[in-house]
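Down below is the structure, laid out as structure tokens.
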Amino acid sequence: MAEKFDASHASKLENPARLVELPPAKLVQLLRLTGAETVIDFGAGTGMYSLPIAESLPDGTLFAVDEQQALLDRLRQKLRERPPAGHVEPVLSLDDHVPLPDGAADRILMINVLHHIYDEPVALAEVTRLLAPGGLLVLVEFARMERPVGPPNDHVLAAEELHAAIEGMGLTELAAYEPGEIGLYHVAIVAQKPAS
Ligand SMILES: C[S@@+](CC[C@H](N)C(=O)[O-])C[C@H]1O[C@@H](n2cnc3c(N)ncnc32)[C@H](O)[C@@H]1O
21 MAEKFDASHA SKLENPARLV ELPPAKLVQL LRLTGAETVI DFGAGTGMYS
71 LPIAESLPDG TLFAVDEQQA LLDRLRQKLR ERPPAGHVEP VLSLDDHVPL
121 PDGAADRILM INVLHHIYDE PVALAEVTRL LAPGGLLVLV EFARMERPVG
171 PPNDHVLAAE ELHAAIEGMG LTELAAYEPG EIGLYHVAIV AQKPAS
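Each residue of the sequence shown is one higher than the one before, starting from 21 at the first, in this note's numbering.
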């Protein structure tokens, strides 16, 4: 089974350089947000991306889902200090069950999460369950390349593993982006759940 994220590294998630290397505005474009969607940031951590993305959801909701209470507590603190334009709801996932209904999300975003769950069919099925028919998944992972940041390449998924995970989730790939297109050091894939 893939390694769990070590919550003692939470401050690394908060490095502002991340927002330059992988700009939230580019993710908003990939998510095709118009402002009223329901978005799940799956594996949201401390909400480093949940909060800027919620600025583009003035009439929508962003559920920040994570399995680690300590990380969601940091997000709650930030929400108290500086609430974004859109409604953000931290949601704790317990034993791979997210307490939200089937098809709850028009969009799901996963940043640097798939490598933790790519070999966990129950967790992947939960992501598919949460996505509405016709809804979009935006998947972002570090690329296998020389990089000044991120995990070593042997901890990074190969392109074939990304494509296989999406296929295994029953989703259809719409577009794929190489490093330099969306993020300096990331690949991104947009996939869609069949409409019915
Ligand atoms: C590398 S961190 C990325 C956090 C955030 N997406 C970001 O980019 O700042 C991976 C996150 O995924 C969460 N995670 C891993 N497996 C999960 C699962 N099965 N359900 C919910 N969250 C999970 C971890 O707790 C951690 O917060």
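Every residue, glycine too, gets a C-beta built ideally from N, C-alpha and C.
Starting from residue i, follow the alpha helix (DSSP H) in both directions and report where the run begins and ends.
i    : result
E75  : It is not in any alpha helix (DSSP H) - E75 carries neither H nor E in the DSSP assignment.
G188 : 179 to 188
T148 : 141 to 150
A37  : 37 to 41
S31  : 30 to 33
V48  : 44 to 51
I137 : 134 to 137
D93  : 89 to 101
Classify residue i: buried if its beta carbon has 16 or more other beta carbons within 10 angstroms, exposed otherwise.
i    : result
E140 : exposed
L39  : exposed
H175 : exposed
S76  : buried
Q89  : exposed
G155 : buried
K213 : buried
R127 : buried
N132 : buried
E198 : exposed
Thinking C-alpha only, which one of the options is nearest residue i?
i    : options                : result
D115 : L95, A143, V40         : A143
L95  : A211, A74, A195        : A74
V200 : H183, S28, L42         : Going by the sequence as given, residue 200 is Gly instead of Val. Minimum Cα distance to G200 is reached at L42.
H29  : L91, A84, A22, F83     : L91
P78  : T58, G65, V85          : T58
H117 : K24, A145, N132        : A145
T66  : K32, L194, L51, I202   : K32
L159 : G170, P110, N173, I202 : I202
Q97  : M68, A124, G80         : M68
L112 : M130, A22, F83         : F83
R149 : G188, P172, L53        : G188
N35  : V169, E193, L194       : V169
N173 : T192, H135, P153       : H135
Could you please give the first and the last residue of the uninterrupted beta strand (DSSP E) stretch that includes residue i?
i    : result
Q114 : It should be pointed out that residue 114 corresponds to Leu in this sequence rather than to Gln. Counting along the chain, L114 falls outside any beta strand (DSSP E), and DSSP gives it neither H nor E.
Going by DSSP, what residues sit across from residue i in a beta bridge?
i    : result
E109 : F83
D61  : A84, L129
Q212 : L156, T192
Y197 : A208
Problem set entry | Any 3 or more C-beta pairs closer than 8 Å across the stretch 153 to 172 and the stretch 206 to 216 | With three or more CB-CB distances shorter than 8 Å, the stretch 153 to 172 counts as touching the stretch 206 to 216.
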